[in-house]
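The sequence shown begins at 1218 in the working numbering and counts up one residue at a time. Cβ atoms here follow ideal geometry from the backbone N, Cα and C, with glycine treated the same way.
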Amino acid sequence: MKSPRLPIAIQQAVMRCLREKLQQANLHLGRHYPEPKLVYQQRGTAAGTAWMESYEIRLNPVLLMENQQTFIDEVVPHELAHLLVWKHFGRVAPHGKEWKWMMETVLGVAARRTHQFAVQSIRKNTFPYRCRCQLHQLTIRRHNRVVRGAAQYRCVHCGEQLKPEVTTDCN
């Protein structure tokens, strides 16, 4: 699937937010961290990812188009915080105390690990998995990892390992 063409006004709003938050962080930290590269090539249900080695932020263009201002206000600082934490503290837990501090104290944004955007428009084949508190939909990639025995996934709320939902077809 080809990603949508982003209007220049949205790209400018993303860049404005990135630059404002970076300036805010540089002032607070007394540093001059450079501006990271922005790429609109994130796929799947992830809103964005931070790539430390290339000092780059990848954003999901579909979720950005569907959730414009909320996406800009939450996802751009979230990913920037990952890069700033890496530059400032080195290798630490991705959503640990350093990241939380960077988000809340330095950038002034609520520290949430995951987005709450609707993903029906981008979710293709999903597979139902259950824990004790809810039903989850795993992507085909994660489902295949479970089937191969290469991965196990846990619920972020209750911590229980996800198990495939048993479906019964009665004809």
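Contact check, residue i vs residue j, beta carbons under 7 Å
{"i": "methionine 1319", "j": "valine 1336", "result": "no"}
{"i": "histidine 1299", "j": "alanine 1267", "result": "yes"}
{"i": "lysine 1317", "j": "alanine 1327", "result": "no"}
Beta-carbon proximity list for residue i, same chain, < 8 Å, skipping 5 on both sides
{"i": "glutamate 1252", "result": "Leu1235, Arg1236, Leu1239"}
{"i": "valine 1256", "result": "Glu1273, Ile1274, Arg1275, Leu1276"}
{"i": "glutamate 1377", "result": "Cys1348, Arg1349, Cys1350, Arg1371"}
{"i": "arginine 1362", "result": "Ala1368"}
{"i": "asparagine 1243", "result": "His1249, Tyr1250"}
Simplified DSSP assignment, three categories, for residue i
{"i": "proline 1383", "result": "Strictly speaking, residue 1383 in this sequence is valine, with proline absent from that position. If DSSP states are grouped into helix, strand and coil, valine 1383 belongs with coil."}
{"i": "alanine 1267", "result": "strand"}
{"i": "glutamate 1252", "result": "coil"}
{"i": "isoleucine 1227", "result": "helix"}
{"i": "isoleucine 1289", "result": "helix"}
Whole-Å CB distance - residue i paired with residue j, under 8 Å assumed
{"i": "leucine 1223", "j": "leucine 1281", "result": "7 Å"}
{"i": "glutamine 1354", "j": "threonine 1343", "result": "4 Å"}
{"i": "valine 1292", "j": "histidine 1332", "result": "6 Å"}
{"i": "proline 1294", "j": "leucine 1246", "result": "So it is not a contact: roughly 15 Å between Cβ atoms."}
Chain-order list of residues whose beta-carbon lies under 7 Å from that of residue i (same chain, five-residue window excluded)
{"i": "serine 1338", "result": "Val1279, Glu1283"}
{"i": "lysine 1304", "result": "Tyr1250"}
Own chain, CB closer than 6 Å to residue i, minus 5 neighbours either side, in chain order
{"i": "phenylalanine 1306", "result": "Glu1315"}
_Counting beta carbon pairs with one atom in the region 1226-1234 and one in the region 1280-1291, are three or more of them shorter than 8 Å?_
yes
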